[in-house]
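**Q**
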Amino acid sequence: MTTDADVIVVGAGPVGSALATMLGLRGLRTLLIDQATFPRDKPCGEGLMPAGAQVLEELGVPLDCFPPLGGVSYRVPSVGCVAGSFSKGRTGRGTRRLVLDRLLAEHAAATPNVELVLGCRARAIATEPRQVSVQTTAGSITAKILVGADGRRSQVGRLMGWQRPPRARRYALVGHLQLPAHEFDGIVVTLLRGCEVYLAPTSRDEVLVALLGPKAGLKAADEPVRAAYRRHVAEAHPELAGSPPAAVRGAGPFWSRPSSVAGGRVFLVGDAAGFLDPLTGDGMAAGLVAARRLASTLAGEPDRAAARYRRWEAGQWRRRVFMSRLALGLTRSSSRAGRAIIGLTRSPATFSRLLEVNDGSRSPLSLTPRDWAALAGI
Ligand SMILES: Cc1cc2nc3c(=O)[nH]c(=O)nc-3n(C[C@H](O)[C@H](O)[C@H](O)COP(=O)(O)OP(=O)(O)OC[C@H]3O[C@@H](n4cnc5c(N)ncnc54)[C@H](O)[C@@H]3O)c2cc1C
1287 MTTDADVIVV GAGPVGSALA TMLGLRGLRT LLIDQATFPR DKPCGEGLMP
1337 AGAQVLEELG VPLDCFPPLG GVSYRVPSVG CVAGSFSKGR TGRGTRRLVL
1387 DRLLAEHAAA TPNVELVLGC RARAIATEPR QVSVQTTAGS ITAKILVGAD
1437 GRRSQVGRLM GWQRPPRARR YALVGHLQLP AHEFDGIVVT LLRGCEVYLA
1487 PTSRDEVLVA LLGPKAGLKA ADEPVRAAYR RHVAEAHPEL AGSPPAAVRG
1537 AGPFWSRPSS VAGGRVFLVG DAAGFLDPLT GDGMAAGLVA ARRLASTLAG
1587 EPDRAAARYR RWEAGQWRRR VFMSRLALGL TRSSSRAGRA IIGLTRSPAT
1637 FSRLLEVNDG SRSPLSLTPR DWAALAGI
């Protein structure tokens, strides 16, 4: 049997590119395809949590061009603000996707055993006992393994019959604003009535602001999108009122999960394996950590790879669902959020522990009764 590659990775977003790099370094012939050409933008909060930054640093990706993030702050106007720091000197990054995604795709292309093909869309899949064939816009390719790293609306997941419709009616409006010599050094989430305003620094002179919420909370029925975006941004950050965004992009609805993330010779990773709510800002980090796990699983015993990956991934998904429910439960009620802000201000260690649970370096089971009391403002 001859195949074009050991592994085909569909999607050269951060997760697919990082995975292809890891597979190439392990000596697996890897074909990485993407329908887009780079640079290409992608609506995102652009806050890379420390666990994700660590995966990229291990791969030798230079992250110095992205501003460091020291932690996350939550604010409720008229109640107050609480700032949490990433513990043990760990740092996140404000990663402009236009720059990051191209950097990671180029890094993958420069890795031994990796071939990157851009402008190439996967259209159909045929799974056979010993190989997988993918019909693409550039012709048919075959490999022993196929990985769908093709994002929230994964075509690979759909072609496998695994895709299910999104469950939540939450959306986002995303834009970048110029703010010369700003002093933001972390993510700032402001809870307004009806929506959350998520800010991340993306360069010395630029910040990203994403609005998250149900459609009715993001804009009034007859209000133009740009006007609604500027209204919420000015309310949360008056210092940004005079900085119009170059463009405002929409995303959503959120919270989707395929019926399976692995079967036979086909695997899903990153957003393709499930997408929660952007409020927790953990999507890229979770995908990068999963890519690391999948790379080592695929390099091991191929027959047991799908079952092993499914089991590990299910545990990660449960942790992420826990954090999403916790964050959404707090933001839905301003009185609950206010009590949590007061409690976390008194117990900064609890906030740091929650950030560790969020980026996967700590289990939710390690939270103590004292942590829960702080969240309840007791
Ligand atoms: C509003 C919003 C805010 C967010 N905020 C954050 C945040 O602050 N921090 C964070 O970590 N995450 C955040 N996320 C989540 C983050 O954007 C995703 O988790 C991340 O992009 C996942 O990367 P990925 O590589 O799995 O998929 P993607 O980045 O979506 O990449 C998928 C790639 O697959 C390609 N592709 C798709 N279909 C095909 C096909 N058929 N053939 C070939 N190629 C194909 C696409 O062109 C694309 O390049 C946010 C998301 C949203 C929507």
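Numbering (this note's numbering), first residue to last: 1287 to 1664. For each residue, glycine too, the CB sits at the ideal point set by N, CA and C.
For T1566 and T1288, what's the separation of their Cα atoms in angstroms?
**A** So the alpha carbons of these two residues sit roughly 44 angstroms apart.
**Q** With which residues is F1561 paired in a DSSP beta bridge?
**A** Partner(s): S1542.
**Q** Spell out the partners DSSP gives E1482 in its beta bridges.
**A** E1482 is bridged to L1477, L1498.
**Q** Quick one: residues in its chain with C-beta nearer than 6 angstroms to the C-beta of M1335, no 5 flanking neighbours on either side, listed in chain order?
**A** The answer, listed in chain order, is G1378, D1568, A1571, D1645.
**Q** Quick one: what's G1380 bridged to in DSSP?
**A** G1333, per the DSSP bridge assignment.
**Q** Considering only the beta carbon of each residue, do T1307 and A1394 sit closer than 7 angstroms?
**A** Yes, these two residues count as a Cβ contact at 7 angstroms.
**Q** Taking DSSP's pairing of strands, which residues face I1319 in a bridge?
**A** Beta-bridge pairing links I1319 to V1296, V1403.
**Q** Between which two residues does the beta strand (DSSP E) containing R1371 stretch?
**A** First, the residue type needs correcting, since residue 1371 is Ser and not Arg in the sequence shown. Here the beta strand (DSSP E) through S1371 covers 1366–1371.
**Q** Start and end of the beta strand (DSSP E) containing V1358?
**A** From DSSP, the beta strand (DSSP E) with V1358 extends over 1357–1362.
**Q** In the DSSP assignment, the alpha helix (DSSP H) including G1573 goes from what residue to what residue?
**A** Note, G1573: alpha helix (DSSP H), 1569–1585.
**Q** Could you check what DSSP says for E1492 in three-state terms: helix, strand or coil?
**A** In the structure shown, E1492 sits in a strand (DSSP, three-state: E or B).
**Q** Between D1292 and ligand 1, is there a pair consisting of the residue's CB and a ligand heavy atom that are separated by less than 6 angstroms?
**A** Not under cutoff, so the answer is no.
**Q** Only counting the same chain, and skipping five residues up and downstream in sequence, which positions put a Cβ closer than 7 angstroms to that of Q1449?
**A** Once the five neighbours on either side are set aside, the close Cβ partners of Q1449 are S1440, G1443, P1544.
**Q** Please classify A1533: does DSSP put it in a helix, a strand, or coil?
**A** Looking at A1533 - three-state DSSP - the assignment turns out to be coil, as it is neither helix nor strand.
**Q** Find the nearest neighbour of P1539 within the set F1561, A1532, L1554, F1637, judged by alpha-carbon distance.
**A** When only C-alpha atoms are compared, the closest one is F1561.
**Q** Would you check whether ligand 1 has a heavy atom nearer than 6 angstroms to the C-beta of A1458?
**A** Yes, the Cβ of A1458 comes within 6 angstroms of a heavy atom of ligand 1.
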